[in-house]
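Same order as they appear, the protein sequences are chains A and P.
Just so you know, we're using this note's numbering here: the first sequence kicks off at 33 and counts up by one.
Just so you know, we're using this note's numbering here: the second sequence kicks off at 345 and counts up by one.
Beneath this line is the structure, given in structure tokens, with notes to follow.
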Amino acid sequence: GQQVMQIPQYQHVQEGEDFTTYCNSSTTLSNIQWYKQRPGGHPVFLIQLVKSGEVKKQKRLTFQFGEAKKNSSLHITATQTTDVGTYFCAGTPSNTGKLIFGQGTTLQVKP
Amino acid sequence: KAGVTQTPRYLIKTRGQQVTLSCSPISGHRSVSWYQQTPGQGLQFLFEYFSETQRNKGNFPGRFSGRQFSNSRSEMNVSTLELGDSALYLCASSLQDSNYGYTFGSGTRLTVV
């Protein structure tokens, strides 16, 4: 079936280091969304990308949508302890209306 | 404005029982989706409702069902509970569909013993 794969599954970084998580789909996506879930919390919507090659920034976070609309990345510059959590990508395959979530990348930041 | 409200927050049920979970979306949101979250499987799509109609369905057995009322509130039901149904059940609402981003509720933590 349609899948959205996300790597790595876990990442431990020292505070101040950069972090990147990657998302790949087996099919073309009409959009890609990113969510953050803090430990014990629920996913919170961060951003949506819809255009091929689109790049968006939110302070230290940079989001990219691939040219083929099958992959995406989230890059955090100079991580802080407040960045701890699980980051999920989620995409809507072009031929369905379902929002499919990746498995998530859990980020740990050592102070 | 009020967020997505899910009740109850926690639930303990016995195998074979049935359970009903409730979700009240953000006012004005007409799309409600349900997800099952487990450590091993991540966020799995159950179904989506829009204007009282099931618009999309995931790959779950028929024991999982749902409905949406005219005020957009939604319920999901799981019959003949199994141990593997233990999970966090998340409801998410959106204006119309997944192209608008989802707002999630805090979830219902279901434990089947």
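C-beta atoms are modelled at their ideal positions from N, C-alpha and C, and glycine is treated no differently.
Sequence-distant Cβ neighbours of P:G386 in its own chain, meaning closer than 7 Å and more than five residues away, do not exist here. Neighbours of A:I132 in chain P, taken as residues at a C-beta separation under 8 Å, are given in chain order as F389. The alpha carbon of A:A122 has as its nearest neighbour, out of P:T424, P:Q440 and P:G445, the alpha carbon of P:G445.
Annotation for A:S84: E99 and K101 place their beta carbon closer than 6 Å to its own, counting only its chain and skipping 5 residues before and after.
Straight across, the Cα-Cα distance linking A:T53 with P:C367 is about 31 Å. Taking a contact as a CB-CB distance under 8 Å, the pair P:S437 and P:N421 does not count as one, their CB atoms being some 19 Å apart. Where A:P125 is concerned, the enclosing beta strand (DSSP E) starts and stops at G117 to P125. For A:T60, the secondary structure class from DSSP, reduced to helix, strand or coil, is coil. Residue pairing of P:R453 in beta bridges, as defined by DSSP: P:Y354 and P:L432.
Around the beta carbon of A:V141, 16 or more other beta carbons lie within 10 angstroms, which makes this residue buried.
With fewer than 16 other Cβ atoms from the protein chains shown falling within 10 Å of its own Cβ, A:S126 counts as exposed. P:L434 reaches chain A at H74 and P75, counting residues in chain order whose Cβ is nearer than 9 Å. Among the bridge pairs identified by DSSP, P:T364 is matched with P:N421. Annotation: P:E419 to A:F95 spans about 34 Å, alpha carbon to alpha carbon.
Approximately 12 Å separates the beta-carbon atoms of A:I79 and A:K91; this is outside 8 Å, ruling out the contact. Here P:P369 is buried. Its C-beta has 16 or more other C-beta atoms within 10 Å. Bridge partners of A:H44 according to DSSP: A:Q140. Contact annotation for P:G410 against chain A: no contact, minimum CB-CB distance about 14 Å [criterion: below 8 Å].
Annotation: Cβ neighbours of A:F120 in chain P (cutoff 9 Å, chain order): G386 and L387. Restricting attention to P:S416, P:G451 and P:P383, the CA atom closest to the CA of P:S371 is found in P:S416.
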